[in-house]
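> Residue numbers (this note's numbering): -8 to 210. Positions of the beta carbon are idealized from the N, C-alpha and C atoms, including for glycine.
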């Protein structure tokens, strides 16, 4: 075999080793409801977890009179901004013990205000003008977390270890026992199927007819 062939084989072997290491350095999770359907937007996190700085540049937008994203997971110490993309006013607030704040009458052209989430816990978001707007920020004391996609899949990029505990949260999980902890095995993906029925979506429906006027109700 010539030098070129040896070099190609060596590069291929190195690439396979690298790919195998990357695959091992993440926790793959598949979450499904009682009937086997995927559950999107669930937050999963690993404990213990330490050693990483909070992410920067996170946002909860106000778009079409809804919070986008509806659920956001952050590490304690993270700053989140709340830009208004609507041509109407919004009045974002939270009375949750983990973070109480109020952003009064934000206009579309206003610079988004930043809020520091420095205490672990669940923060429920509302709008004092549009009562149907509902959102959640889950503040975690671990940097090892992810949210499920539309197929119920999530990946936490780190080196899993047997015996570590994985937590789950979603506003539609009704049974507190389902907000349980799973202990990781030595290897392989985590296949998590809920055993109880999900609650209905907690977000109120937007009224079909809204009062017209200045500020937050037009157009």
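By how many angstroms is the C-alpha of residue 37 removed from the C-alpha of residue 77?
About 36 Å.
> Do residue 35 and residue 136 count as a contact pair if the criterion is CB distance below 9 Å?
Yes, these two residues count as a Cβ contact at 9 Å.
> By Cβ distance, which residues of its chain are closer than 6 Å to residue 196, with the 5 residues on each side in sequence left out?
Hits under 6 Å: none found.
> Residue 87 and residue 112 look like a contact to me (Cβ under 8 Å); what is the Cβ gap, rounded to whole Å?
That pair is a contact at about 7 Å.
> Check whether the Cβ of residue 152 lies closer than 9 Å to any Cβ atom in chain C.
Given the protein chain composition of this structure (a single chain), no chain C is represented.
> Relative to the C-alpha of residue 98, which residue among 124, 161 and 73 is closest?
Ranking the options by Cα distance to residue 98, first place goes to 73.
> Do three or more CB pairs link the region 174 to 189 to the region 137 to 157 at distances below 8 Å?
Contact holds: three or more Cβ-Cβ distances are below 8 Å.
> In whole angstroms, what is the alpha-carbon distance linking residue 138 and residue 29?
C-alpha separation (whole angstroms): 12 Å.
> When burial is assigned at 16 or more other CB atoms within 10 Å of the CB, is residue 26 buried or exposed?
Residue 26 is exposed by the Cβ-count criterion.
> Taking a contact to mean a Cβ-Cβ separation below 9 Å, would you say residue 17 touches residue 132 in this structure?
No, the Cβ-Cβ distance between residue 17 and residue 132 is not below 9 Å.
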